[in-house]
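Residues 56 to 260, numbered by my numbering, are exactly what the sequence shown covers, in order.
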Amino acid sequence: MSDAKFSKLLDYETLKQQFGDAEDHTQPAKTTRQDTPEFDPEERLFSSSSAKDEKKPGLTGSRLRSYAFAVLTRKEYSKAELIEKLALYAEHRDEVIHLVEELSRENYQSDQRVAETMLSSQKRKGKGPNQIKLKLKSKKIDAALISEELKETDWVQQAYELKVKKYGIEVTKDPKLKAKQIRFLMYRGFEMDAIIKAINRKADD
């Protein structure tokens with residue numbers, strides 16, 4: 056790790072103020088709230104080895120709102136994920152819920168966008184509809200938000216391309232190999248109807 060990156064992780068002057076000079080145990084340094092610079096709530100959690108014993112920052116009002124915007128500029132979060140993320144640093148969970156509802160109404164946060172992005176990403180990874188639905192469920196996103204996109208996707212083609220990439224274009228008659236292909240595609244989240252059509256499709260079909 057470069058010195059530049061390391062210095063960002065450990066501010067030696069701040070540590071000295073908090074714990075005193077390691078060479079002078081008789082004169083511990085004193086700090087006040089006014090001496091402490093503004094902090095990123097996430098960074099504060101890692102500012103010392105005793106971070107786990109510190110109280111959460113307790114953000115409210117404009118500071119909580121500013122932090123929510125900062126979080127959303129980094130990546131898209133589902134509504135449920137954002138609530139849990141902000142609740143780690145907020146004073147009151149009810150305020151977080153009201154804030155996230157407001158951000159959702161104003162389209163700063165959108166489960167629809169998260170669902171569409173996930174669908175596109177999972178399809179690129181070769182995942183079938185069942186895997187995608189499970190992924191949405193884990194983020195507490197209603198799969199109905201992309202029901203049309205799920206219906207319009209050619210899952211037989213998706214499964215076929217994955218099968219060819221893994222096993223080639225030949226249609227096997229070996230029961231064991233066929234069972235292996237079925238298990239592979241089931242694991243990827245494809246439904247049985249699409250799987251059977253995919254493994255039996257010939258290159259010129």
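Every residue, glycine too, gets a C-beta built ideally from N, C-alpha and C.
Should Glu157 go down as buried or exposed, given a rule of 16 or more other Cβ atoms within 10 Å for buried? Taking the first residue of the sequence shown as 1, we reach residue 157 at position 102. Counting Cβ neighbours within 10 Å, Glu157 comes out exposed, since fewer than 16 surround it.
Among Ser133, Asp248, Ala170, whose alpha-carbon lies nearest the alpha-carbon of Ala199? Counted from its first residue, the sequence shown places residue 199 at position 144. Comparing Cα positions, the closest option is Ala170.
Any chance you could list the beta strand (DSSP E) runs of at least 3 consecutive residues sitting entirely within the segment 107-140, in chain order? With a minimum length of 3 residues, no continuous beta strand (DSSP E) run stays inside the segment 107-140.
Are there 16 or more other CB atoms within 10 angstroms of the CB of Gly183, so buried, or fewer, so exposed? Taking the first residue of the sequence shown as 1, we reach residue 183 at position 128. Answer is buried; the Cβ neighbour count reaches 16.
Helix, strand or coil: how does DSSP classify Ala253 here? The residue labelled residue 253 in the question sits at position 198 within the sequence shown. Here Ala253 sits in helix by DSSP.
With three or more beta-carbon pairs closer than 8 Å as the criterion, would you say the segment 211-219 touches the segment 143-156? no
Using the C-alpha atoms, what's the distance from Glu246 back to Ser218? In the sequence shown, counting from the first residue as 1, residue 218 sits at position 163. In the sequence shown, counting from the first residue as 1, residue 246 sits at position 191. Rather than Ser, the amino acid found at residue 218 in this sequence is Lys. If you take the alpha carbons of Lys218 and Glu246, they lie about 14 Å apart.
Quick check: the Cα distance between Ile201 and Tyr222, rounded to an integer number of angstroms? Numbered from its first residue, the sequence shown carries residue 201 at position 146. Numbered from its first residue, the sequence shown carries residue 222 at position 167. Answer to the nearest angstrom: the Cα atoms are 31 Å apart.
Sort Glu203, Ala234, Lys228, Lys194 by Cα distance to Leu137 and report the nearest one. As a first step, residue 137 must be located in the sequence shown, where it is residue number 82. When only C-alpha atoms are compared, the closest one is Lys194.
Given a threshold of 16 other Cβ atoms within 10 Å of its Cβ, counted over all protein chains shown, does Lys85 qualify as buried or as exposed? Numbered from 1 along the sequence shown, position 30 holds the residue referred to as residue 85. Because Lys85 sits at a pLDDT of 46, beneath the cut-off of 50, its placement in the model cannot be relied upon, and the point is left open.
What do you get for Gln167, buried or exposed, if any count of 16 or more other CB atoms within 10 angstroms of its CB means buried? Locating residue 167 in the sequence shown gives position 112, counting from the first residue. Result: exposed.
Would you identify the three-state DSSP class for Phe245, choosing helix, strand or coil? Taking the first residue of the sequence shown as 1, we reach residue 245 at position 190. Phe245 falls in the coil class under three-state DSSP.
May I ask you to list the residues that DSSP assigns as paired with Ala145? Position 90 of the sequence shown holds residue 145. Leu114, per the DSSP bridge assignment.
What is the DSSP secondary structure of Ser202, counted as helix, strand or coil? Reading the sequence shown from its first residue, position 147 is the one you call residue 202. Correct three-state label for Ser202: helix.
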